[in-house]
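Student: First residue of the sequence shown: 1, per the UniProt record's numbering; consecutive thereafter.
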Amino acid sequence: MGRQLLVQLLARAQNGPKDTPKASEVSKSRETDLFDIEGAQDGSEDESESVVDEFMAFNPNKVDSVKHLGNIAAVDRLETANRQSFDLIAQLNERREYLKAKLAEEHALRADLNVLNEELKSRVKETSPATLRAQDPQVMIDKVRERKDEMDAQTVNLLRQLNKLISGPGTDTLMEQYAASASRKELATELRRTVETLLNEMFEPSSEGGYVKIDNANSPVLYFLLRGDLVTVHPHDNSLVRLREFGK
């Protein structure tokens, strides 16, 4: 409305007045123009208000907020679900690390149990009936008795050989070389007694370490044993002798 009024005023200014108006007409005309201008201004204000109302009515933000309210709610739900998913993943990762550590502990425990199982198997094998029978006191006693019987048999055999030696030509040689004045019986008795003492000391050594003290260092029996390399003399005491260990 204001634009049309401005166009009319410009047109009047370009064309100019054809007749000189009277003062009263000019006054009326001015009043009319002022009235039109005020009316135009009022119309312009009304038009501006209508434009503002129209702009507010078609505000895209306002229209989108109302139109897409359901979508906004859906986005909120998705964000909530996404956040909950990340929280759940973090909890699952933490649980996974805990289970991995627990699994490592169980593997170590399993290795220890395997070692313990092998030890228990060996213990069970040691306590098997066959092993128990072998460790039975009666069985051990029987073995000791068998060993004793074998040693007794060997001792008897050695004594028989000793008697043969004493009763044989060795005694005659001893009498001829070392004791011509001694009787055969005395030399045989001394030789037997000395050899038996040396044997007992060899099987059950005393504090002397298997050595036997000979009172008579000039005994013909001692010379006979030394010459036959049957005894050895203590390195620090010539009166101590012992049987030579031929098994070593």
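Here a beta-carbon is modelled for each residue, glycine too, at the ideal position from N, C-alpha and C.
Predicted model only: the values in this text are computed from it and were never measured.
1) Note down, in chain order, each residue of its chain lying with its Cβ closer than 6 Å to the Cβ of residue 201, except the 5 sequence neighbours on either side.
2) Quick one: residues in its chain with C-beta nearer than 6 Å to the C-beta of residue 221, no 5 flanking neighbours on either side, listed in chain order?
3) Quick check on the DSSP output: the beta strand (DSSP E) that includes residue 242 runs from which residue to which?
4) Taking Cβ positions, are residue 225 and residue 231 nearer each other than 8 Å?
5) Would you tell me roughly how many angstroms separate the C-alpha atoms of residue 115 and residue 103, rounded to the nearest one?
6) When you compare the CB positions of residue 199 and residue 240, do they come within less than 8 Å of one another, or not?
7) For residue 223, report the span of its alpha helix (DSSP H) as first-last.
8) What is the rounded straight-line gap between the Cα of residue 188 and the Cα of residue 204?
9) Determine the closest residue to residue 196 out of 215, 145, 155, 206, with distance taken between C-alpha atoms.
10) Among all the DSSP beta bridges, which residues are the ones paired with residue 233?
Tutor: So, to answer that:
1) 210, 212
2) 190, 191, 194
3) 240-243
4) yes
5) 19 Å
6) no
7) 220-227
8) 24 Å
9) 155
10) 241
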